[in-house]
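Visitor: Quick note on numbering: the sequence shown equals residues -15 to 213 in the working numbering.
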Amino acid sequence: MNAQDRAAGSRAHQEVARVVLETAQAMYAKGLVEGTAGNVSGRVVDGTFCLTPSSLGYEAMQTSDLVFVDAGGGVVAGEGHPSSEKSLHLACYRQWSEVGGVVHCHPLYASMFAVARQTIPAAIEEVVIYIGGDVEVCDYHLTGSDELGEAVAAALGRRSAVLMANHGLVTVGRDPADALHAALVVERTAHIVWGARLLGTPGSVPAKVNQDFAGVYRWVRESSWGGET
Ligand code: 13P
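(1) Taking 8 angstroms as the cut-off, is the C-beta of Leu92 nearer than that to any heavy atom in ligand 1?
(2) Compute the beta-carbon to beta-carbon distance between Gly278 and Asp159, rounded to the nearest angstrom, for a pair I have assumed lies under 8 angstroms.
(3) With DSSP run on the structure shown, which of helix, strand or coil describes Thr213?
(4) Rounded to a whole number of angstroms, what is the C-alpha to C-alpha distance between Val146 and Ser39?
(5) Excluding the 5 residues flanking Asp118 on each side, which residues of the same chain have their C-beta closer than 7 angstroms to its C-beta?
(6) Relative to the alpha-carbon of Ser(-6), which residue among Ala13, Val28, Tyr114, Leu168 has its alpha-carbon at the smallest distance?
(7) Less than 8 angstroms between the CB of Ser67 and some heavy atom of ligand 1, yes or no?
(8) Report all residues from its chain with a CB closer than 6 angstroms to the CB of Arg205; omit the five preceding and five following residues, and keep chain order.
(9) My guess is that Val3 and Cys76 are in contact by the Cβ rule of under 8 angstroms, so how many angstroms apart are they, rounded?
(10) Using the beta-carbon count (16 or more within 10 Å), is Trp203 buried or exposed?
(11) In terms of residues, what are the limits of the alpha helix (DSSP H) holding Gly57?
(12) Taking C-alpha atoms, which residue in Ala44, Tyr42, Met45, Ser25 lies nearest to Gly57?
(13) Considering Cα atoms alone, identify which of Gly62, Phe33, Met45, Gln46 is closest to Ala55.
(14) Just mark Asp123 as buried or exposed, buried being the case when its beta carbon has 16 or more other beta carbons within 10 Å.
(15) Identify which residue in His151, Val193, Arg143 has its Cα closest to the Cα of Val17.
(16) If you compare alpha carbons, which of Ala61, Ala10, Gly187 is closest to Glu43?
(17) Looking at the structure shown, is Val3 part of a helix, part of a strand, or coil, going by DSSP?
(18) Once DSSP output is grouped into helix, strand and coil, what is the label at Gln195?
(19) Is Gly116 near Gly141, with beta carbons less than 9 angstroms apart?
(20) Could you check where the beta strand (DSSP E) with Val29 kicks off and where it finishes?
(21) When DSSP labels each residue in this structure, what does Leu16 get in the three-state scheme?
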């Protein structure tokens, strides 16, 4: 690798680290996690991945605390321990080559659906546009396990969100900020559906509209994800 490639590689690392940190701090500020729970990652063009460290408070976190790993999970840069959900993040990137960012969080309303093991229905138009359809629940596996990572990546299908039974939510996007937006859309929808069920029997978006908007989601994902970050 020549000096120019090394400089470009390092710029790419810095840029992804900046977005991962901003996204992690926004996730915390928006109340999607308590304490040090949750984790965020981003794909770097050189085939490495930038992850938040395990069990470190978000407010004090700096880009120097982030950890870079290769596709096999080996640490290539950074002092701390990568998130204990490293396998989950890497499984999503492995399965979906266009995914550039992953967010795992424990939002209140979405987690109620995860505990009740109920799908969050795509009852609001924007869910279909940004998530691709209903948010399904994947089977329970132990936190941090390779099995959890594989189950989550498979259950995502070509959608942006999946619930982890008795645990929380995983979202993916073209980059970490996009994955956080997906998490916020899911949490808002879970809250709305929860409230609507208290008010009565929620209606559904017409099937044809859902089908068309799912097409919009697929088109955006196919045409604009997978670019360089
Ligand atoms: P880490 O602090 O190791 O990222 O774990 C937090 C978490 O939410 C595990 O599911």
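For glycine and all other residues, C-beta sits at the position ideal for the given N, C-alpha and C.
Guide: With the structure as the only source:
(1) The residue you call residue 92 lines up with position 108 of the sequence shown. Not under cutoff, so the answer is no.
(2) Outside the modelled stretch of the chain, which goes from -15 to 213, sits residue 278, for which no answer is possible.
(3) To locate residue 213, count along the sequence shown from 1; it is residue 229. Annotation note: pLDDT 48 at Thr213 (below 50); position unreliable, coordinate value reported separately. It is coil, neither helix nor strand.
(4) Locating residue 146 in the sequence shown gives position 162, where the first residue counts as 1. Locating residue 39 in the sequence shown gives position 55, where the first residue counts as 1. The alpha-carbon separation between Val146 and Ser39 amounts to approximately 23 angstroms.
(5) Position 134 of the sequence shown, counting from 1, holds the residue named residue 118. Excluding residues up to 5 positions away in sequence, Thr103, Ile104, Pro105, Ala106 lie with their Cβ nearer than 7 angstroms to the Cβ of Asp118 in the same chain.
(6) In the sequence shown, counting from the first residue as 1, residue -6 sits at position 10. For Ser(-6), the nearest C-alpha among the options comes from Val28.
(7) Taking the first residue of the sequence shown as position 1, residue 67 is located at position 83. Yes.
(8) Reading the sequence shown from its first residue, position 221 is the one you call residue 205. Once the five neighbours on either side are set aside, Arg205 has no close Cβ partner at all.
(9) Position 19 of the sequence shown holds residue 3. Position 92 of the sequence shown holds residue 76. Not a contact, Cβ separation roughly 17 angstroms.
(10) For the purposes of this step, residue 203 is identified with residue 219 of the sequence shown, where counting begins at 1. Its Cβ having fewer than 16 others within 10 Å, Trp203 is exposed.
(11) For the purposes of this step, residue 57 is identified with residue 73 of the sequence shown, where counting begins at 1. Gly57 -> no alpha helix (DSSP H), and no H or E assigned at all.
(12) Taking the sequence shown and counting its residues from 1, one reaches residue 57 at position 73. Per the Cα distances, Ser25.
(13) In the sequence shown, counting from the first residue as 1, residue 55 sits at position 71. Among Gly62, Phe33, Met45, Gln46, the Cα nearest to that of Ala55 belongs to Phe33.
(14) Within the sequence shown, numbered from 1, the residue matching residue 123 stands at position 139. Taking every protein chain shown into account, the CB of Asp123 has fewer than 16 other CB atoms within 10 angstroms, so this residue is exposed.
(15) Start at 1 with the first residue of the sequence shown, and residue 17 comes out as number 33. Scanning His151, Val193, Arg143 for the CA closest to the CA of Val17 turns up His151.
(16) As a working note, residue 43 is residue 59 in the sequence shown. Closest by alpha carbon: Ala10.
(17) Position 19 of the sequence shown, counting from 1, holds the residue named residue 3. Here Val3 sits in helix by DSSP.
(18) The residue you call residue 195 lines up with position 211 of the sequence shown. In the structure shown, Gln195 sits in a helix (DSSP, three-state: H, G or I).
(19) The residue you call residue 116 lines up with position 132 of the sequence shown. The residue you call residue 141 lines up with position 157 of the sequence shown. At the C-beta level, Gly116 and Gly141 come within 9 angstroms of one another.
(20) Position 45 of the sequence shown holds residue 29. For Val29, there is no enclosing beta strand (DSSP E), as DSSP marks it with neither H nor E.
(21) Indexing the sequence shown from 1 puts residue 16 at position 32. In this structure, Leu16 counts as coil in the three-state DSSP scheme.
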